[in-house]
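K.L.:
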Ligand SMILES: [Mg+2]
């Protein structure tokens, strides 16, 4: 009997990619491997919002994460640069494992676990923060956010007229920090973040792969950020690594999905796979 081939609806071209990726997972399950699913949050599970507090999950997404978490053949971990407390509040899904602050904080099986060891002493981070605060003092519309082991500076409300001078000060500080090389400096949209050396999503995941309950599982990772690349490097050649969005950007991930909607479609299909093969 001839198979009916239906053309994807307008804007649904990603469904073919989703289907291929789901088939790969299905083959892994048919070989008897259990799964370990790592999910970035912003730009992966939910669309990037103008302000981070607006990037909230829908009830449908929470329900989907709940179904995935309840599967016997799958463990689900959300991996994000956001603080752990914030992720727990955003994602009230019983049994969900969460890595916050780029792997600097971890909640596994409901318990706080230390996965990474900062290689920068806190005095260094403190000095960098004081330097920056002094340098930016003449300006308004920026603020510091303390983070576990580091801090972020946000500047999306700096008045347009002050912006060139503000950015010049920020760039001079960044240049010093990078030259000294004693902390990590992450650049985001109207935000810079200082992290201790030794803390990264990749370092946290490397550790997780050796823990009982996680060891031996087939890893799947979906992420859209520059900070996900450290995880892609660790997992390359061992699992299914999917870069979300950012077409044209360089990535260590061999697979891509175009946007969070495609990610949610992929997850929806995973949730429907039979649990036993
Ligand atoms: Mg992201």
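In my numbering, the protein residues as written are 2 to 278. Quick reminder that beta carbons are idealized off the backbone N, C-alpha and C, glycines included.
For residue 84, I'd like the list of residues in its chain whose CB is within less than 8 Å of its CB, leaving aside the five on either flank, ordered along the chain.
P.N.:
101, 102, 106, 148, 149
K.L.:
Give the secondary structure of residue 127 by DSSP, where H, G and I count as helix, E and B as strand, and everything else as coil.
P.N.:
helix
K.L.:
Runs of 3 residues minimum, wholly inside the region 15-62: which ones carry the beta strand (DSSP E) assignment?
P.N.:
36-40
K.L.:
Which residues in the same chain as residue 4 place their Cβ atom closer than 7 Å to its Cβ, once the five residues preceding and following it in sequence are excluded?
P.N.:
Confidence at residue 4 is low in this model, with a pLDDT of 49, below 50, so the placement of that residue should be treated as unreliable; the coordinate-derived value is given next. There are no such residues.
K.L.:
Rounded to the nearest angstrom, how far is the Cβ of residue 183 from that of residue 121, given a contact under 8 Å?
P.N.:
6 Å
K.L.:
Look at the alpha carbon of residue 14 and the alpha carbon of residue 188, and state the distance between them as a whole number of angstroms.
P.N.:
32 Å
K.L.:
Please report the residue range of the alpha helix (DSSP H) in which residue 13 lies.
P.N.:
No alpha helix (DSSP H) contains residue 13, which DSSP labels as neither H nor E.
K.L.:
Please indicate yes or no: does the CB of residue 43 lie closer than 7 Å to some heavy atom of ligand 1?
P.N.:
yes
K.L.:
Measuring CB atoms only, is the region 61-75 touching the region 258-270, in the sense that at least three cross pairs come out at less than 8 Å?
P.N.:
yes
K.L.:
So, do the region 219-232 and the region 39-57 have three or more beta carbon pairs nearer to each other than 8 Å?
P.N.:
yes
K.L.:
Which same chain residues end up closer than 8 Å to residue 95 when comparing Cβ atoms and leaving out the 5 residues on each side of it in sequence?
P.N.:
67, 70
K.L.:
Just to confirm before moving on: does the CB-CB distance between residue 178 and residue 129 stay below 8 Å?
P.N.:
yes
K.L.:
Return the chain-ordered ranges of every beta strand (DSSP E) run that is complete within the region 196-278 and spans a minimum of 3 residues.
P.N.:
219-224, 241-245, 256-258
K.L.:
Between the alpha carbons of residue 201 and residue 42, how many angstroms are there, rounded?
P.N.:
15 Å
K.L.:
Can you give the beta carbon distance from residue 157 to residue 191, rounded, assuming they're within the 8 Å contact cut?
P.N.:
4 Å
K.L.:
Suppose contacts are defined by Cβ-Cβ distances below 8 Å. Is residue 108 in contact with residue 58 by that definition?
P.N.:
no
K.L.:
Spell out the partners DSSP gives residue 139 in its beta bridges.
P.N.:
Paired residues: none, contrary to the question.
K.L.:
Would you say residue 199 touches ligand 1, meaning its beta carbon is less than 7 Å from a heavy atom?
P.N.:
no
K.L.:
In whole angstroms, what separates the C-alpha of residue 112 from that of residue 142?
P.N.:
38 Å
K.L.:
Spatial neighbours of residue 235 within its chain, please: CB distance less than 6 Å, with the 5 preceding and 5 following residues excluded, ordered by chain position.
P.N.:
203, 206, 207, listed in sequence order.
K.L.:
Could you work out which residue in 240, 86, 255, 252 is closest to residue 34 when comparing CA atoms only?
P.N.:
Check the Cα spacing between residue 34 and each of 240, 86, 255, 252: the tightest is with 240.
K.L.:
Please list the segments of the alpha helix (DSSP H) lying wholly inside the region 60-87, counting only runs of 4 or more residues, in order along the chain.
P.N.:
Taking only runs of at least 4 residues, the alpha helix (DSSP H) segments lying wholly in the region 60-87 are 60-70.
K.L.:
For residue 238, count the other beta carbons within 10 Å of its own beta carbon; 16 or more makes it buried, fewer makes it exposed. Which is it?
P.N.:
When all chains shown are included, residue 238 counts as exposed.
K.L.:
Verify whether the separation of the beta carbon atoms of residue 77 and residue 38 is less than 8 Å.
P.N.:
yes
K.L.:
Nearest to residue 214 by CA position, among 160, 73, 31, is which residue?
P.N.:
73
K.L.:
Examine ligand 1 and report whether any of its heavy atoms sits within less than 7 Å of the Cβ of residue 111.
P.N.:
no
K.L.:
Specify, as a first and last residue, the run of the alpha helix (DSSP H) that residue 164 falls within.
P.N.:
164-181
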